[in-house]
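So in full-length UniProt numbering, the last spot in the sequence shown is 88, and the numbers never skip.
For glycine and all other residues, C-beta sits at the position ideal for the given N, C-alpha and C.
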Amino acid sequence: MANTASAKKAVRVIARRTAVNQSRRSRMRTFLRKLDEAIASGDKTAATAALRAAEPEIMRAAQKGVLHKNTASRKVSRLAHQIAKIGA
Numbered sequence: 001m002a003n004t005a006s007a008k009k010a011v012r013v014i015a016r017r018t019a020v021n022q023s024r025r026s027r028m029r030t031f032l033r034k035l036d037e038a039i040a041s042g043d044k045t046a047a048t049a050a051l052r053a054a055e056p057e058i059m060r061a062a063q064k065g066v067l068h069k070n071t072a073s074r075k076v077s078r079l080a081h082q083i084a085k086i087g088a
């Protein structure tokens, strides 16, 4: 258990930041789920629109520290590749 005042404050701050990060991660995953559903449906226009909506959310999560920047870029790249294969 935290003994000092600064440690107690740190516990409160961590709890607050964890809640914020969970919210951001959940929001990003919602967009990814919608994108996966669009890709699974085989509709290229819907998948492209979903990617346009999801990409800023993924990058925002990376910018806010929920994901690493390279992880976010890799996700976007792989999703774009999946969409490109729909028409082929």
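Q: Kindly give me the distance between the Cβ atoms of Thr-48 and Ile-83, rounded to whole angstroms, as I take these residues to be in contact under 8 angstroms.
A: The residue you call residue 48 lines up with position 48 of the sequence shown. The residue you call residue 83 lines up with position 83 of the sequence shown. Distance from Thr-48 to Ile-83 at the Cβ level is roughly 6 angstroms; contact confirmed, criterion being Cβ atoms closer than 8 angstroms.
Q) Between Val-66 and the rest of its own chain, which residues show a CB-CB distance below 6 angstroms, the 5 nearest in sequence each way excluded? A) The count along the sequence shown starts at 1 and reaches residue 66 at position 66. Within the same chain, Val-66 has close Cβ partners Asn-21, Arg-24 and Arg-25.
Q: Mind the definition here: the stretch 26-35 touches the stretch 54-69 only if three or more C-beta pairs lie below 8 angstroms; say whether that holds.
A: Pairwise C-beta distances place the stretch 26-35 in contact with the stretch 54-69, as three or more of them are shorter than 8 angstroms.
Q | Start-end ranges of the alpha helix (DSSP H) lying completely within the stretch 35-61, minimum 4 residues | A | Fully enclosed alpha helix (DSSP H) runs of 4 or longer: not present.
Q: Tell me whether Met-1 is buried or exposed, calling it buried when 16 or more other Cβ atoms sit within 10 Å of its Cβ.
A: For the purposes of this step, residue 1 is taken as residue 1 along the sequence shown, with counting starting at 1. Flag for Met-1 reads exposed.
**Q.** Own chain partners of Val-76 with C-beta closer than 7 angstroms, once the 5 adjacent residues on each side are dropped
**A.** Against the sequence shown, residue 76 aligns to sequence position 76. Glu-55 and Ile-58.
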